[in-house]
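Q: The sequence shown stops at residue 260 when you use the numbering used here, and every number in between is there. Virtual Cβ for every residue (Gly too), placed ideally from N, Cα, C.
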Amino acid sequence: MNPSTIYPQLKIHCEDINKTFIQKGHIEVPVIRNVNLDVEENEFLVVLGPGQCGKSTLLRIIAGLETPDTGYVSMDGLLVTGPGPDRGLVFQGYTLFAWKTLIANVELGLKLRGVPKQERHSVASYYIRLVGLEGFENHYPHQLSGGMKQRVGIARAYANSPGIMLLDEPFGQLDAQTRMFMQHKTVRIWEHEKRTIIFVTNNIDEALFLADRIILMEGKLPGRIKNEYIVALLRPREHESPDLLKLRAAITDATELVL
Ligand SMILES: Nc1ncnc2c1ncn2[C@@H]1O[C@H](COP(=O)(O)OP(=O)(O)OP(=O)(O)O)[C@@H](O)[C@H]1O
Ligand SMILES: [Mg+2]
């Protein structure tokens with residue numbers, strides 16, 4: 002590989018990624034096909050697509066949890082060869098340690114890095130407040146609702162101060178009201194901290210509310226990028242604003258063509 006193609010000015014560069022899984026020992030399932038994708042520093046990128054179109058696989062490849070069959074991913078000009086603390090991950094479902102309190106879960110990454118107790122406590126408290134969970138610091142996961150657990154996962158990822166956040170349908174299991182609350186919070190945190198985000202969702206309104214740019218995936222496997230939309234609208238956005246509705250109609254049209 003020519004080192005000059007690992008664009009150091011880009012946060013993430015995906016070069017011609019293909020991935021085929023073998024299922025049941027012999028069936029080849031092509032899941033990602035010819036994905037080329039650049040993500041700028043501080044960009045809020047949303048990957049939008051229906052169920053089972055390869056979104057999580059693409060995110061896992063960017064995270065370094067899966068190896069592509071062809072192509073490569075680079076971050077800040079360095080080849081991604083595995084997972085690392087520079088990528089904060091929030092995946093579908095909850096992955097908290099049941100025997101640790103909420104704040105201990107959030108502090109864990111900092112503790113592993115040897116951050117002093119006082120400092121990690123104040124960083125963790127800051128993010129716990131940002132996701133609206135102050136007062137629950139000493140609760141254990143089984144004492145929290147599903148939505149609360151998901152928010153702990155988000156606080157934990159932010160607390161590690163990664164260069165990029167990779168969020169895979171993080172609000173998929175939240176009730177509508179909490180989901181809206183978290184969308185607002187996410188925008189506020191992003192505006193405040195200006196960190197690169199790749200956010201996967203199957204929800205068009207969520208994509209339009211959050212994104213600087215939306216990557217629309219094909220509706221079926223193998224996962225390909227079908228279209229790209231720039232959302233050059235001020236935040237916080239109104240779901241009913243004419244500009245947003247126009248964009249929504251364009252994306253819906255493109256989506257329906259593949260159904
Ligand atoms: N490790 C694996 N081994 C075999 N097949 C896999 C593996 N991971 C994913 N797949 C297959 O790849 C396809 C795409 O899965 P993926 O999880 O990337 O889709 P998705 O768009 O994230 O779906 P959802 O919206 O349901 O989360 C599925 O058919 C799945 O069965
Ligand atoms: Mg998925």
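How long is the line joining the alpha carbons of H240 and P163, rounded to whole angstroms?
A: Counting from one through the sequence shown, the residue named residue 240 turns up at place 239. Counting from one through the sequence shown, the residue named residue 163 turns up at place 162. Approximately 30 Å between the Cα atoms of the pair.
Q: Can you tell me which of the three DSSP states D206 falls into?
A: What you label residue 206 is simply residue 205 of the sequence shown in a count that begins at 1. Helix, per DSSP.
Q: Which runs of the alpha helix (DSSP H), 4 residues or longer, sit entirely within the region 65-136?
A: 103-113, 118-131
Q: Beta carbon of G170: closer than 7 Å to some heavy atom of ligand 1?
A: As a working note, residue 170 is residue 169 in the sequence shown. One detail in the question is off: residue 170 reads as Glu in this sequence, not Gly. Checking every heavy atom of ligand 1 against the Cβ of E170, one is found closer than 7 Å.
Q: For a test of the three-state rule: what should DSSP assign to E194, helix, strand or coil?
A: By one-based count along the sequence shown, residue 194 stands at place 193. The answer is helix: DSSP assigns E194 an H, G or I state.
Q: Just to confirm the assignment: which complete beta strand (DSSP E) runs, minimum length 3, are found wholly within the region 149-197?
A: 165-169
Q: Have a look at G26 and I226 and give me their C-alpha separation to the nearest angstrom.
A: In the sequence shown, residue 26 corresponds to position 25, counting from 1. In the sequence shown, residue 226 corresponds to position 225, counting from 1. Approximately 28 Å, taken between the alpha carbons.
Q: Who pairs with R225 in a beta bridge, going by DSSP?
A: Working through the sequence shown from its first residue, we reach residue 225 at position 224. DSSP lists no partner for R225.
Q: Pull up the DSSP beta-bridge partners for E29, would you.
A: Your numbering for residue 29 matches position 28 in the sequence shown. Looking at the DSSP output, E29 bridges to I23.
Q: I need the DSSP call for H140, collapsed to helix, strand or coil.
A: As a position in the sequence shown, residue 140 is number 139, starting the count at 1. Here H140 sits in coil by DSSP.
Q: Using DSSP with H/G/I as helix, E/B as strand and the rest coil, what is I62?
A: Translated into the one-based positions of the sequence shown, residue 62 becomes position 61. Helix, per DSSP.
Q: State buried or exposed for R180, treating a residue as buried only when at least 16 other CB atoms are found within 10 Å of its CB.
A: Counting from 1 along the sequence shown, the entry for residue 180 is found at position 179. That one is buried.
Q: Using CA atoms only, rank isn't needed, just tell me which of E120, V153, K221 is closest to L175.
A: On the sequence shown, residue 175 is found 174 positions in, with the first residue counted as 1. It is V153 whose Cα lies nearest to the Cα of L175.
Q: Ignore the nearest five residues each way along the sequence and tell me which others in G65's own chain have a CB closer than 8 Å to its CB.
A: Counted from its first residue, the sequence shown places residue 65 at position 64. So the list reads V74, V81, T82, G83, P84, G85, R88, once near-sequence residues are dropped.
Q: Is D213 helix, strand or coil by DSSP?
A: In the sequence shown, counting from the first residue as 1, residue 213 sits at position 212. Correct three-state label for D213: coil.
Q: Taking L52 as the reference, give the member of G136, R121, V36, G224 with the closest Cα.
A: Position 51 of the sequence shown, counted from the first residue, corresponds to residue 52. Note that residue 52 is Gly in the sequence shown here, rather than Leu. Among G136, R121, V36, G224, the Cα nearest to that of G52 is on G224.
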